[in-house]
């Protein structure tokens, strides 16, 4: 860790005998993937805190830039998943003229449970593991049929695809259909904002 950059977010760089030296026959891709002094850019956003590296997410997909802040979609998902009524969640950044991106959550509720937009907002703003979550600005809450996805794997790729093609929260439904995700079963008030 570069002195003075502890507890600052940055991209994880690695170097060593087990790191491949180049992309085969792809000099431009190799140039983009490595620093001038030979460090490989992993694409993971990390923070070094308490003597450990904490992965915040993929630089290109899992980090949402909103209102001048960088928000980890994974941390927001983990926080929302701690709610007793939520079984699954996907968080994406939807382009927004004011915020840059608006943090948007798609959630699956436990069978027989309900959760109002207001309750979700209150939960999102509660401290989690000693951190304030006041910068969360989830502008839309959806309830999907159960069994949406695992936290990693195929849904992560779908989330990336959805995030790249959604230019407003109104386009989320169409994108979910294109990627063969379960039909939306309930829409809560769209006008309430955090």
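Numbering (the UniProt record's numbering), first residue to last: 1 to 194.
Glycine is no exception: its CB is placed at the ideal position from the N, C-alpha and C atoms.
Considering only residues of the same chain and omitting the five flanking positions on each side of residue 33, which have a CB-CB separation below 8 Å?
One-based indexing of the chain shown puts residue 33 at position 33. Taken in chain order, the residues that qualify are 23, 40, 41.
What's the gap between the Cα of residue 62 and the Cα of residue 106?
As a first step, residue 62 is located in the chain shown; it is residue number 62 there, counting from the start. As a first step, residue 106 is located in the chain shown; it is residue number 106 there, counting from the start. Rounded to whole angstroms, residue 62 to residue 106 spans 15 Å at the Cα level.
Terminal residues of the continuous alpha helix (DSSP H) containing residue 31?
Counted from its first residue, the chain shown places residue 31 at position 31. Counted as a single uninterrupted DSSP element, the alpha helix (DSSP H) harbouring residue 31 occupies residues 27-33.
How should residue 114 be labelled, buried or exposed, when 16 other C-beta atoms within 10 angstroms of its C-beta is the threshold for buried? Walking along the chain shown from the start, residue 114 turns up at place 114. Classification for residue 114: exposed.
Could you check if residue 50 is buried or exposed, using at least 16 other CB atoms within 10 Å of its CB as the buried criterion?
As a position in the chain shown, residue 50 is number 50, starting the count at 1. Exposed, because fewer than 16 other Cβ atoms sit within 10 Å of the Cβ of residue 50.
Checklist entry - Taking residue 112 as the reference, which of 102, 124, 95, 87 has the closest Cα? => result Counted from its first residue, the chain shown places residue 112 at position 112. The shortest Cα separation from residue 112 among 102, 124, 95, 87 belongs to 87.
**Message:** I'd like the list of long-range same chain contacts for residue 151, defined as Cβ closer than 6 Å, with 5 residues on each side in sequence excluded.
**Reply:** Here residue 151 refers to the residue found at position 151 of the chain shown. Any reading at residue 151 must be qualified, since the residue scores a pLDDT of 32, below 50, and its modelled position is unreliable; the value itself is stated next. Here the set comprises nothing.
By the three-class DSSP mapping on this structure, what secondary structure does residue 111 have? Position 111 of the chain shown, counted from the first residue, corresponds to residue 111. Per DSSP, reduced to three states, the secondary structure at residue 111 is coil, with no helix or strand assignment.
* What is the DSSP secondary structure of residue 75, reduced to helix, strand or coil? -> Taking the first residue of the chain shown as position 1, residue 75 is located at position 75. Per DSSP, reduced to three states, the secondary structure at residue 75 is helical.
Determine the burial state of residue 75: buried for a count of at least 16 other Cβ atoms within 10 Å of its Cβ, exposed for fewer. By 1-based counting over the chain shown, the position of residue 75 is 75. It is buried - the Cβ of residue 75 has at least 16 other Cβ atoms within 10 Å.
message: So, with DSSP's three-state summary, where would you put residue 20?
response: Within the chain shown, residue 20 is the residue found at index 20, counting from 1. Note: residue 20 maps to coil in three-state DSSP.
query = Is it true that the CB of residue 47 sits closer than 8 Å to the CB of residue 8?
reply = Start at 1 with the first residue of the chain shown, and residue 8 comes out as number 8. Start at 1 with the first residue of the chain shown, and residue 47 comes out as number 47. Contact: yes.
What's the gap between the Cα of residue 78 and the Cα of residue 85? As a first step, residue 78 must be located in the chain shown, where it is residue number 78. As a first step, residue 85 must be located in the chain shown, where it is residue number 85. Taking the straight line joining both Cα atoms gives about 13 Å.
Check: If you follow the beta strand (DSSP E) that residue 120 is part of, which residue opens it and which one closes it?
Finding: Translated into positions along the chain shown, residue 120 becomes position 120. Per DSSP, residue 120 lies in no beta strand (DSSP E) segment; the continuous alpha helix (DSSP H) that holds it begins and ends at 117-125.
* Rounded to whole angstroms, how far is the Cβ of residue 67 from the Cβ of residue 16, which I believe are closer than 8 Å? -> To locate residue 67, count along the chain shown from 1; it is residue 67. To locate residue 16, count along the chain shown from 1; it is residue 16. About 38 Å; that fails the 8 Å criterion.
DSSP state of residue 80 mapped onto helix, strand, coil = Against the chain shown, residue 80 aligns to sequence position 80. Collapsing the DSSP output to three states places residue 80 in a helix.
query = Since residue 38 contacts residue 58 with CB under 8 Å, what's their CB separation in whole angstroms?
reply = Position 38 of the chain shown, counted from the first residue, corresponds to residue 38. Position 58 of the chain shown, counted from the first residue, corresponds to residue 58. Not really, about 22 Å apart at Cβ, beyond 8 Å.
- Task: Measure the CB-CB distance between residue 80 and residue 89 and report whether it falls below 8 Å.
- Result: For the purposes of this step, residue 80 is taken as the residue at position 80 of the chain shown. For the purposes of this step, residue 89 is taken as the residue at position 89 of the chain shown. Taking 8 Å as the Cβ cut-off, residue 80 and residue 89 qualify as a contacting pair.
- Query: In whole angstroms, what is the alpha-carbon distance linking residue 122 and residue 82?
  - Reply: Start at 1 with the first residue of the chain shown, and residue 122 comes out as number 122. Start at 1 with the first residue of the chain shown, and residue 82 comes out as number 82. Each residue's alpha carbon lies about 13 Å from the other.
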